[in-house]
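Structure first, then comments.
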Amino acid sequence: MTSTDVLFRPFTIKGVTLANRIVMAPMTRAMAEGGIPGQKQADYYRRRAEGGVGLILSEGTVIDRPAARNLPGIPFFHGPGLEGWKGVIDAVHAAGGKMGPQIWHTGSTRGGAWEPQSPVESPSGLIGPGKPRGKTMSEEDIADTIAAFAASARAARELGFDVVELHGAHGYLIDQFFWSGTNLREDRWGGATIRDRARFAAEIVAATRAAIGPDLPLILRVSQWKQQDYGVKLANDPAELEAWLGPLVAAGVDIIHASQRRFWEPEFPALDGAEGLNFAGWAKKVTGAPTISVGSVGLSSEFFGAFAGEGSGTSPLTGLLARMEREEFDLIAVGRALISDPDWVRHVRAGSDLKGFDAADLAELV
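Heads up: the sequence shown runs through residues 905 to 1270, numbered per the numbering used here.
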């Protein structure tokens, strides 16, 4: 069996040291009554800290904007919601864990049949190319949104969180500004290039950095794919990737959380082949920033065989350790496996049997 030691090397950034390289990926649970996290959320995250997760990233939690969430159980990271989050971070710290909130605005996306009371907002009043939904944001809306992201981040620092993550992926508001299919603006918030359309995100990053100070690590989650279209690529080559992500790192991002649906797939196979760098690998290469990779980690029952390269070679874990040994990326985020098993990390380290993801566990906070 291949050693998993690489997963358990400490990682330090800006004075924050993680015990290992495993991150709990943000996952929407939508179980915060009235938008306020309670004891069940505190216990849920505490169990993952006790289970050995190096860094916990919270479910998406929204800023103080009308229609910032697309499901009624999504928690707020403002107002009365902050007292609930204080209980969460205190519980995680008491268990020896490290945690950051994922700060979010869902834009014009739908979470289901539920509709917010206020009109949804987006760069151009679109949910996807040629698909109107909600209103186009005004200059005032944009300024207030930037300020709201910064205010939530400042609150995270004041509550004692260890890092902050901004959600700029998966077709939500920040990502709708990145995407030419949903950003048709002709003012300074739009433009023909990805660098132009990244200005909104860069302003959020800069305002957030000013709000949290120079020493709190800031993570930005980005993706090529959108929930509206899995095949979208914002950057078709490394030059476009650098034009997109470079200004965001310059504005204050410390770690890029590069989301892809399957972490083992190469981002630009025409350049470096079927075993080439994945999205996180290329993001690190073009920016020099540390990166988190993510995408279907731990969903195979043949977990340890996959580490060793055994079996059919189709396991999601094939090649993970080799990629981390050569420092293609720095951290690996695990999602659904941690929904079903709070002790997943501890079991990996011990080489014991792993519980697979069970969709029935989505109905409760295990």
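Ideal placement from N, C-alpha and C gives every residue a C-beta, glycine not left out. All figures in this text were calculated on a predicted structure; none of them were measured in a lab.
{"Asked": "Simplified DSSP state of E1069, which is helix, strand or coil", "Found": "strand"}
{"Asked": "First through last residue of the alpha helix (DSSP H) which encompasses V996", "Found": "985–998"}
{"Asked": "Reduced DSSP category for H1251 - H, G, I as helix; E, B as strand; rest coil", "Found": "helix"}
{"Asked": "Neighbourhood of Q1164 by C-beta distance below 6 Å, restricted to the same chain and skipping five residues each side", "Found": "F1183, G1199"}
{"Asked": "Environment of P1194 [buried if 16+ CB atoms lie within 10 Å]", "Found": "buried"}
{"Asked": "DSSP beta-bridge partners of T965", "Found": "I1007"}
{"Asked": "Coil, strand or helix - L975 by DSSP", "Found": "coil"}
{"Asked": "Residues near V1126 by beta carbon distance below 6 Å, same chain, minus five either side", "Found": "G1072, A1073"}
{"Asked": "Classification of S1056 by the beta-carbon crowding that lies within 10 angstroms, buried from 16 upward", "Found": "buried"}
{"Asked": "Uninterrupted beta strand (DSSP E) stretches inside the region 1069–1155 (no shorter than 3 residues)", "Found": "1122–1127"}
{"Asked": "Simplified DSSP assignment, three categories, for F1053", "Found": "helix"}
{"Asked": "Sequence-distant residues of the same chain with beta carbon closer than 8 Å to P1170, five excluded per side", "Found": "D1176, G1177, A1178, E1179, G1180, L1181, N1182"}
{"Asked": "For A1237, the residue or residues it bridges with in DSSP", "Found": "V927, V1198"}
{"Asked": "Cα-Cα separation between F1053 and L1266, rounded to whole angstroms", "Found": "28 Å"}
{"Asked": "Beta-carbon proximity of E954 to A999, cut-off 8 Å", "Found": "yes"}
{"Asked": "Contact under 8 Å by Cβ, P941 with P979", "Found": "yes"}
{"Asked": "Short Cβ contact (8 Å threshold) for G1038 with G1085", "Found": "no"}
{"Asked": "Cut-off 6 Å between Cβ atoms - residues of its own chain near G991, not counting five sequence neighbours on either side", "Found": "A946"}
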